[in-house]
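Take a look at the structure set out below.
4 protein chains.
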Amino acid sequence: MIISIDVSNGLAIYDQIVRQIKFAVASGIILPGELVPSVREMAKQTAVNPNTVSRAYRELQSEGILEVVRGTGLQVSTGALKQCRKDRQGLIQERLRAVLKEAQQSQLEVDDIRQLIEAELARLNGKGTSK
Amino acid sequence: MIISIDVSNGLAIYDQIVRQIKFAVASGIILPGELVPSVREMAKQTAVNPNTVSRAYRELQSEGILEVVRGTGLQVSTGALKQCRKDRQGLIQERLRAVLKEAQQSQLEVDDIRQLIEAELARLNGKGTSK
Amino acid sequence: MIISIDVSNGLAIYDQIVRQIKFAVASGIILPGELVPSVREMAKQTAVNPNTVSRAYRELQSEGILEVVRGTGLQVSTGALKQCRKDRQGLIQERLRAVLKEAQQSQLEVDDIRQLIEAELARLNGKGTSK
Amino acid sequence: MIISIDVSNGLAIYDQIVRQIKFAVASGIILPGELVPSVREMAKQTAVNPNTVSRAYRELQSEGILEVVRGTGLQVSTGALKQCRKDRQGLIQERLRAVLKEAQQSQLEVDDIRQLIEAELARLNGKGTSK
DNA sequence: GTGGTCTAGACCACC
DNA sequence: GTGGTCTAGACCACG
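Residue numbers (numbering that gives the first Met the number 0), protein chains in the order written: chain L, 0 to 130; chain X, 0 to 130; chain V, 0 to 130; chain E, 0 to 130.
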């Protein structure tokens, strides 16, 4: 699992770690039962303050994504995969709703919105297949 | 023009003012050449410190949305309407692209995405017409 | 004499009036002994608050450019032409010095500066003659 | 980097800070990637309120000269050097053009202007070498 | 420790 | 009356 940090993108570093681990879990890159890198290890890898990694892990524990294995480290918990997928789905849905709502408030017709979306989907697919 | 502030939504107060004024300009609620409420007036209206309003107005000046008329107040500048509309459009497009991209990365099929979108659009329209 | 005011250029209105009258005197557009328009007249002409015109005239009186003719109005004083010319000269010289100094502080070589100047002079002359 | 404030020169304090930092960047006194003094540090150094320093830094951020490194400070951004140099050059050119234009409007012959300039350049150089 | 935001209250120039 | 600037002091999130 590779975590890459961008210090100057406005997002808190701990939050970048949280999101990327959730993403890794949702995508099956790291499976329930597997250990995440230790705080020190991750801190070295990402050149980040251990406090910050620790905070990210704490956050993930409180959300039930990670759980302590005494004397061993932190592992991805059993329900984490399903939860991360659902989170992801929910988050996407929420953001989709927000942007659609705003689009409508801006005098955009429903058909204009659909057109915009199809254009963007085509763009993404074009990029994806050509790669 | 009515500006409503929500102190506990995470967004900075000055930013809420900035956005709502841009929205008002983009929507034609306030036209180029018209004066925005004075700093003190707006501060009273929104129960916010005048400095905070001033900061929002300064931000809008530096973006070319507002301009000072010495001793008289701040007026919406000539190019503001077009600029705010374009900003708004660009912002929506960008956010749409981001969420669609993320949706695709989450193993959602294009048709699933379309279905989600239609559901959300229906929700919005239902809300709109029933109200 | 035509005075034109630009409310949104940052310069105080009264100052714009002061400068334009000095310019008119220096250029011989208005001669010593001639009356300037009355406060009310000028205020109407320029669509400016009479207080503001009054302030400009006061400024010009205190600099000795204008003088009261009791019951008649304000006239350009005898020494005004020479003084305005000198002022103008001095002001230009001062600004020239300031900009040259700054240019030198910015690692510009003397010859680069000369080149820049010649380019600008050519531009101005080109414009002037072609007009 | 030394920032010196003159409270009684008409220029706003925050603007003096902005200009001097731009100057320092343009001159290579402070390089892209380096941190500027912290808000509190700079405030102590210049005997100015931290808010005022903060405002100057905010201004520089919005112009893309500085960028935040969360919890660490503000660093000179990558493109800042080039940008500051260009700004500086453009500003000088603009002011040069303005003063030359005004000089010509004042019945000064081109050769008189050249003479004035050479005199000023000599003055500056004399000062520079004698120092 | 860092910057970001906000409030409160003051003074200024300009109209 | 208008905006612009500054100070003082407080609280927050982040590292």
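Glycine included, C-beta positions come from ideal geometry on N, C-alpha and C.
Rounded C-alpha distance that separates residue i from residue j
i, j, result
"Gly32 of chain X", "Cys83 of chain X", "15 angstroms"
"Ile20 of chain L", "Arg69 of chain X", "54 angstroms"
"Lys81 of chain L", "Gln106 of chain X", "14 angstroms"
"Arg96 of chain X", "Arg122 of chain L", "9 angstroms"
"Gly89 of chain E", "Asn124 of chain V", "21 angstroms"
"Asp132 of chain E", "Tyr13 of chain E", "There is simply no residue 132 of chain E to check, as chain E begins at 0 and stops at 130 in what is shown."
"Pro36 of chain E", "Thr71 of chain E", "11 angstroms"
"Arg113 of chain X", "Ser26 of chain X", "28 angstroms"
"Val67 of chain L", "Leu115 of chain L", "46 angstroms"
"Gly9 of chain X", "Lys100 of chain X", "26 angstroms"
"Gln104 of chain X", "Ala11 of chain X", "31 angstroms"
Residues of its chain near residue i, where Cβ-Cβ distance is below 8 angstroms and the 5 sequence neighbours each way are ignored
i, result
"Pro49 of chain V", "Val38, Arg39 and Ala42"
"Val17 of chain V", "Ala55, Glu58 and Leu59"
"Arg94 of chain E", "none"
Residue i and residue j closer than 8 angstroms at C-beta
i, j, result
"Gln60 of chain V", "Ile2 of chain V", "no"
"Leu73 of chain L", "Tyr56 of chain L", "yes"
"Ile91 of chain X", "Ala102 of chain L", "yes"
"Val98 of chain L", "Val98 of chain X", "yes"
"Gly63 of chain E", "Ser53 of chain E", "no"
Exposure of residue i, with buried meaning 16 or more beta-carbon neighbours within 10 Å
i, result
"Leu65 of chain X", "buried"
"Glu117 of chain X", "exposed"
"Gln15 of chain V", "buried"
"Leu120 of chain X", "buried"
"Thr51 of chain E", "buried"
"Leu30 of chain V", "exposed"
"Val6 of chain E", "exposed"
"Val47 of chain E", "buried"
Residues near residue i by beta carbon distance below 7 angstroms, same chain, minus five either side
i, result
"Met0 of chain V", "Ala23, Ile28 and Ile29"
"Asp111 of chain V", "none"
Residues near residue i in its chain [Cβ-Cβ closer than 6 angstroms; skip 5 each side]
i, result
"Ala79 of chain V", "Val24, Pro31 and Ile64"
Tell me the start and end of each unbroken beta strand (DSSP E) in the stretch 37-81 of chain E that is at least 3 residues and wholly inside, in chain order. 65-68 and 72-75
Fully enclosed by the stretch 101-128 of chain L, which beta strand (DSSP E) runs are 3 residues long or longer? none
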